[in-house]
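Number of protein chains: 2
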Amino acid sequence: MPIEAFASQNCSIARTLSIVGERWTLLVLTELFLGRRRFDEIQAERPIASNILSQRLATLVEEGIAERHRYSEHPERFEYRLTDKGRELLPVQLALLRWGDRYMAEAPGPPVESIHTECGHAFEMVPTCSHCGEEIKPKEVRAELGPGASPAQRERAKRRGERRERERERAA
Amino acid sequence: MPIEAFASQNCSIARTLSIVGERWTLLVLTELFLGRRRFDEIQAERPIASNILSQRLATLVEEGIAERHRYSEHPERFEYRLTDKGRELLPVQLALLRWGDRYMAEAPGPPVESIHTECGHAFEMVPTCSHCGEEIKPKEVRAELGPGASPAQRERAKRRGERRERERERAA
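As structure tokens, this is what we get:
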């Protein structure tokens with residue numbers, strides 16, 4: 003179930019978080035990306051309680067992010083595979099990984115390396131611009147209201163701009 | 003305070019989530035990236051309770067992700083600015099945004115557009131390989147143990163590989 007307080011915001015980040023914004027959900031996704039698709043495999047890697055893992059997997063299936071496949075008939079057992087919609091969450095994982103490798107890994111280095119199979123090398127994800135192809139650096143991004151902005155969001159943006167203008171005049 | 007169950011995992015994604023993996027923390031970061039740095043500005047945009055906003059801002063400051071700056075003396079008022087460590091979280095935000103714009107935006111389109119100020123155009127973040135510069139597609143990534151993998155992680159990976167091998171033989 004999407005978390006209503008987030009799903010109801012007119013914001014693509016909040017809405018994404020309403021579905022996959024729970025820590026364990028994001029880590030269960032990590033496991034699926036790492037090819038560990040079975041309940042026992044995931045539990046062997048992560049200190050996650052069975053009821054939480056079941057719930058998180060059920061959420062991913064409900065939201066069309068993963069699919070349940072039977073891999074054994076006797077006993078009946080299932081594994082979970084990412085759908086295309088789920089695989090589209092790879093950039094979220096690579097971005098979390100990049101920051102963690104930089105700021106949270108211990109001295110020997112990261113515990114996992116990502117290999118780009120097309121070129122065969124370990125890589126770090128570089129965020130680039132879909133228009134010019136250059137790397138997106140944090141100070142080179144500006145937000146503008148998009149076509150889906152609500153009247154209230156437009157009004158607040160206008161008032162914020164006016165207030166900033168007055169502050170600049172007062173400071174000058 | 004980092005969440006211990008996540009900080010204690012030998013995984014860069016889990017450790018990142020131990021600090022910024024709470025939904026409101028990620029949305030407060032969104033506000034700071036959007037240039038809304040003041041308590042009142044953030045609360046005008048988001049349905050967030052004052053005590054939660056205070057806590058999340060305090061966490062970001064404690065972790066060196068944001069800094070508190072006084073912008074008014076009488077009355078004394080502070081705003082919050084991202085540090086370099088905080089700005090390095092931009093790819094996480096752009097990745098969440100990209101997925102949300104694709105899967106969660108309503109018919110008129112996204113409420114916010116990101117402009118790459120270097121080229122002047124609206125963009126979507128494209129994840130690329132730091133080695134070859136090509137776009138990273140979900141099926142072109144493989145994970146390998148890195149230098150910081152623990153002996154237990156190595157042992158589990160080995161056992162997993164052996165089991166997969168046996169299953170392939172049985173299926174053949």
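Sequence order for the protein chains is A and V. Counting from 3, one number per residue, gives the positions in the first sequence under this note's numbering. Counting from 3, one number per residue, gives the positions in the second sequence under this note's numbering. All residues carry an ideal CB built from backbone N, CA and C; glycine is no exception. On a predicted model such as this, the values are computed, not experimentally measured, just so you know.
Can you tell which of the options has the C-alpha that lies nearest to the C-alpha of residue i?
{"i": "A:ALA145", "options": "V:GLN57, V:THR85 and V:GLN95", "result": "V:GLN95"}
{"i": "V:PRO113", "options": "A:GLU137, A:SER20, A:CYS13 and A:ALA9", "result": "A:CYS13"}
{"i": "V:LEU19", "options": "A:LYS87, A:GLU43 and A:ASP103", "result": "A:ASP103"}
{"i": "A:ARG58", "options": "A:GLU65, A:PRO77 and A:THR27", "result": "A:THR27"}
{"i": "V:PRO140", "options": "V:ALA159, V:LEU147, V:GLU120 and V:THR130", "result": "V:THR130"}
{"i": "A:VAL128", "options": "A:PRO49, A:ILE138 and A:CYS121", "result": "A:ILE138"}
{"i": "A:ALA97", "options": "A:ARG70, A:ARG170, A:GLU167 and A:THR32", "result": "A:THR32"}
{"i": "V:PRO110", "options": "A:GLY150, A:ALA60 and A:PRO110", "result": "A:GLY150"}
{"i": "A:HIS133", "options": "V:GLU120, V:VAL143, V:GLU90 and V:ALA154", "result": "V:GLU120"}
{"i": "A:ILE5", "options": "A:SER56, A:GLU65 and A:PRO49", "result": "A:GLU65"}
{"i": "A:ALA60", "options": "A:VAL22, A:PRO49, A:GLU75 and A:ASP86", "result": "A:VAL22"}
{"i": "A:GLU43", "options": "V:ARG161, V:ILE15 and V:GLU75", "result": "V:ARG161"}
{"i": "A:ILE15", "options": "V:ILE15, V:ALA7 and V:VAL30", "result": "V:VAL30"}
{"i": "V:VAL2", "options": "A:LEU91, A:SER56 and A:GLU75", "result": "Since the first residue of chain V shown is 3 and the last is 174, residue 2 of chain V is not available in this structure."}
{"i": "A:LYS87", "options": "V:ILE54, V:GLU171, V:TYR105 and V:PRO77", "result": "V:TYR105"}
{"i": "A:ILE50", "options": "V:ILE50, V:ALA7 and V:GLN45", "result": "V:ALA7"}
Can you tell me whether DSSP reads residue i as helix, strand or coil?
{"i": "V:PHE125", "result": "coil"}
{"i": "A:ARG166", "result": "helix"}
{"i": "V:SER14", "result": "helix"}
{"i": "V:LEU91", "result": "coil"}
{"i": "A:ARG104", "result": "helix"}
{"i": "V:ARG70", "result": "strand"}
{"i": "V:GLU47", "result": "helix"}
{"i": "A:GLU65", "result": "coil"}
{"i": "V:ILE5", "result": "coil"}
{"i": "A:ALA109", "result": "coil"}
{"i": "A:ALA151", "result": "coil"}
{"i": "V:ALA159", "result": "helix"}
{"i": "A:ALA174", "result": "coil"}
{"i": "A:GLU24", "result": "coil"}
{"i": "V:GLU33", "result": "helix"}
Who are the near neighbours of residue i in its chain, counting only those whose CB is closer than 6 Å to its CB and skipping five residues on each side?
{"i": "V:PHE35", "result": "GLN95"}
{"i": "V:LEU62", "result": "ALA68"}
{"i": "V:GLN155", "result": "none"}
{"i": "V:GLU157", "result": "none"}
Where does residue i land, buried or exposed, given buried means 16+ other C-beta within 10 angstroms?
{"i": "V:ALA173", "result": "exposed"}
{"i": "V:ARG100", "result": "buried"}
{"i": "A:HIS118", "result": "buried"}
{"i": "A:ARG25", "result": "buried"}
{"i": "V:SER52", "result": "exposed"}
{"i": "A:GLY163", "result": "exposed"}
{"i": "V:PRO93", "result": "buried"}
{"i": "A:TRP47", "result": "First, the amino acid is wrong: residue 47 of chain A is Glu here, not Trp. Buried."}
{"i": "V:GLY37", "result": "exposed"}
{"i": "A:ALA107", "result": "buried"}
Quick one: what's residue i bridged to in DSSP?
{"i": "A:ARG40", "result": "A:GLU81"}
{"i": "A:ALA145", "result": "V:SER116"}
{"i": "A:THR130", "result": "A:GLU137 and V:VAL128"}
Leaving out the 5 sequence neighbours to the left and right, which residues in its chain are closer than 8 Å to residue i when beta-carbon positions are compared?
{"i": "V:TYR73", "result": "ARG40, ARG79, PHE80 and GLU81"}
{"i": "A:PHE125", "result": "SER116, ILE117 and HIS118"}
{"i": "V:SER152", "result": "ASN12"}
{"i": "V:HIS123", "result": "ILE117"}
{"i": "V:GLU136", "result": "THR130"}
Among residues of its own chain, excluding the 5 on either side of residue i, which ones have a beta-carbon nearer than 7 Å to its beta-carbon?
{"i": "V:ALA9", "result": "ARG17 and SER20"}
{"i": "V:ALA159", "result": "LEU147"}
{"i": "V:ARG70", "result": "VAL63, PHE80 and TYR82"}
{"i": "V:THR85", "result": "GLY66, ILE67, ALA68 and GLU69"}
{"i": "V:ILE54", "result": "TRP26"}
{"i": "A:ARG166", "result": "none"}
Distance cutoff 8 Å, beta carbons only. Does residue i sit that close to anything in chain B?
{"i": "V:LEU147", "result": "The structure shown contains no chain B; the protein chains it does contain are A and V."}
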